[in-house]
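Working notes, structure below.
Numbering (our numbering), first residue to last: 501 to 867.
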């Protein structure tokens with residue numbers, strides 16, 4: 501730490517009244533005084549330690565905010581990706597329902613199918629249209645959320661890649677053990693670095709307040725210029741002073757401040773422990789969510805979707821030869837469509853949770 505700024509004082513003393521004459525008395529002087537406060541040994545280092553800890557804490561807080569913002573952006577972006585992909589899936593489903601309307605209408609016109617078949621197909625298509633309105637509204641809201649984080653206008657375009665659950669399933673890496681992820685987070689997350697810096701600052705403040713009860717010193721040097729008077733050149737003066745601050749009221753101030761600093765240190769240590777427990781819980785929960793979503797994605801891609809598509813093809817062939825009810829065909833078509841939407845939703849959530857887990861456990865880097 502550096503010393504306090506020195507004090508420079510310039511003045512004149514003992515001018516002769518009533519005309520403030522400068523050279524009519526041998527007492528008149530023009531003085532220049534320089535004084536420097538010198539704290540008790542160790543005080544500067546203790547104060548510098550508090551400032552360094554505060555700066556470290558501020559940098560760590562910046563890292564925490566940056567990670568939180570990254571996670572928030574990931575959630576918003578993948579939500580937007582889900583809505584875009586879901587709309588594409590919905591439009592494909594609408595094309596299939598348009599074909600179902602034509603097929604059922606043709607079969608009804610030839611007397612092979614009842615009138616209820618084309619009516620049911622049109623009803624399913626209209627319901628799908630209603631879902632499209634809701635999804636489009638959700639897409640606009642998700643786009644606005646992303647642009648808000650980008651500090652852009654709500655309607656600004658954002659390049660979005662459609663979510664491919666199959667490709668994501670194939671490229672999903674194995675999940676590390678939760679214990680190793682927790683240990684990594686406890687060692688690297690800036691949230692804990694900020695808490696540790698707060699503990700360090702509070703602990704160093706105790707020493708600062710203790711040293712505040714010690715006397716500080718003041719060193720002063722003065723030069724006095726004496727003007728020529730009465731045809732005589734008077735010699736100039738030089739003075740030196742050493743001052744000592746007497747901490748006679750330390751029991752009323754510094755001692756209480758030291759007690760308050762000790763309480764702050766205890767509170768900061770408790771806050772650090774609480775942050776460690778909270779971070780441990782967040783990592784464990786995020787790891788569990790990632791693992792569960794990865795398992796769900798594998799089940800959907802490897803089992804549910806192939807079975808749903810195979811069922812649709814089988815029922816469609818049966819309906820074309822009059823061996824299946826049209827309502828059954830609509831039901832299995834809707835089940836396949838819902839399974840595809842679920843796979844996209846799970847894939848989007850999986851990617852967002854992976855980003856969240858990475859932000860909880862990754863090492864800190866400079867932005």
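A virtual CB, placed ideally from N, CA and C, is assigned to each residue, including glycine.
Original post:
Taking the C-alpha atoms as reference points, what is the distance between residue 766 and residue 551?
Top reply: 19 Å
Subject >> Residue range of the beta strand (DSSP E) that includes residue 536 >> reply: 529-538
Original post:
Which same chain residues, not among the five before or five after residue 549, have their C-beta less than 7 Å away from its C-beta?
Top reply: 704
**OP:** Measure the alpha-carbon distance for residue 858 versus residue 650 and round it to whole angstroms.
**Re:** 21 Å
**OP:** Check whether the Cβ atoms of residue 832 and residue 811 lie closer than 8 Å to each other.
**Re:** yes
Subject >> Pairwise C-alpha distance: residue 614 and residue 826 >> reply: 9 Å
Subject >> Status (buried if at least 16 other CB within 10 Å, exposed otherwise) for residue 830 >> reply: buried
**OP:** Would you give the residue range spanned by the beta strand (DSSP E) that residue 722 belongs to?
**Re:** 717-725
Subject >> Validate contact between the region 678-697 and the region 779-792 using beta carbons, cut 8 Å, 3 pairs >> reply: yes
Original post:
Excluding five sequence neighbours on each side, which residues of the same chain lie with their C-beta closer than 7 Å to the C-beta of residue 847?
Top reply: 663, 665, 668, 797
Subject >> Minimum C-alpha distance to residue 839 - residue among 533, 589, 575, 530 >> reply: 589
**OP:** Identify whether residue 746 lies in helix, strand or coil by the three-state DSSP scheme.
**Re:** coil
Original post:
When we look at the beta-carbon of residue 521 and count the other beta-carbons within 10 Å, is it buried (16 or more) or exposed?
Top reply: exposed
**OP:** Compute the distance between the beta-carbons of residue 582 and residue 792, then report whether it is under 8 Å.
**Re:** no
**OP:** Compute the Euclidean distance between the alpha carbons of residue 867 and residue 809, then round it to the nearest angstrom.
**Re:** Interpretation of residue 867 is limited by its pLDDT of 43, a score under 50 that renders its predicted location unreliable; the figure taken from the coordinates is listed afterwards. Approximately 46 Å, taken between the alpha carbons.
Original post:
Among residues of its own chain, excluding the 5 on either side of residue 660, which ones have a beta-carbon nearer than 8 Å to its beta-carbon?
Top reply: 577, 580, 581, 584
**OP:** Provide the residue span of the beta strand (DSSP E) that contains residue 508, from first to last.
**Re:** 507-513
Original post:
Taking all protein chains shown into account, do 16 or more other C-beta atoms lie within 10 angstroms of the C-beta of residue 504, making it buried, or fewer, making it exposed?
Top reply: exposed
**OP:** Tell me, please, whether the region 708-715 touches the region 527-534 by the rule of three or more beta-carbon pairs shorter than 8 Å.
**Re:** no
**OP:** Could you name the residues of the same chain whose beta carbon sits closer than 8 Å to that of residue 718, not counting the 5 residues immediately before and after it, in chain order?
**Re:** 535, 536, 537, 538, 741, 742, 743, 744, 745
**OP:** Could you pull the start and end residues of the alpha helix (DSSP H) that residue 868 belongs to?
**Re:** Nothing in the structure corresponds to residue 868, since the chain is present only between 501 and 867.
Subject >> Nearest to residue 758 (by Cα), restricted to the options 729, 707, 773, 639 >> reply: 707
Original post:
On the three-pair Cβ rule with 8 Å, is the region 540-547 touching the region 509-516?
Top reply: no
**OP:** Classify residue 526 as buried or exposed, calling it buried when 16 or more other Cβ atoms lie within 10 Å of its own Cβ.
**Re:** exposed
Original post:
Between which two residues does the alpha helix (DSSP H) containing residue 610 stretch?
Top reply: Run containing residue 610: none; DSSP gives neither H nor E here.
Subject >> Status (buried if at least 16 other CB within 10 Å, exposed otherwise) for residue 856 >> reply: buried
**OP:** Give me the Cα-Cα distance between residue 820 and residue 599, rounded to the nearest whole angstrom.
**Re:** 13 Å
**OP:** Could you tell me the distance, in whole angstroms, from the CA atom of residue 700 to the CA atom of residue 709?
**Re:** 14 Å
Original post:
By a C-beta neighbour count over all protein chains shown, 10 Å radius and 16 as the cutoff for buried, is residue 466 buried or exposed?
Top reply: There is no way to answer for residue 466, as the model of the chain reaches only from 501 to 867.
Original post:
Within this structure, are the beta carbons of residue 727 and residue 528 separated by less than 8 Å?
Top reply: yes
**OP:** Go ahead and label residue 837 buried or exposed: buried means 16 or more other beta carbons lie within 10 angstroms of its beta carbon, across all protein chains shown.
**Re:** buried
Original post:
When the Cα atoms are used, what is the spatial distance from residue 852 to residue 547?
Top reply: 43 Å
**OP:** List in chain order: all unbroken alpha helix (DSSP H) runs of 4+ residues lying wholly within the region 736-800.
**Re:** 754-799
Subject >> Opening and closing residue of the alpha helix (DSSP H) in which residue 640 lies >> reply: 616-650
Original post:
Which class does residue 826 belong to by DSSP, given the choice of helix, strand or coil?
Top reply: helix
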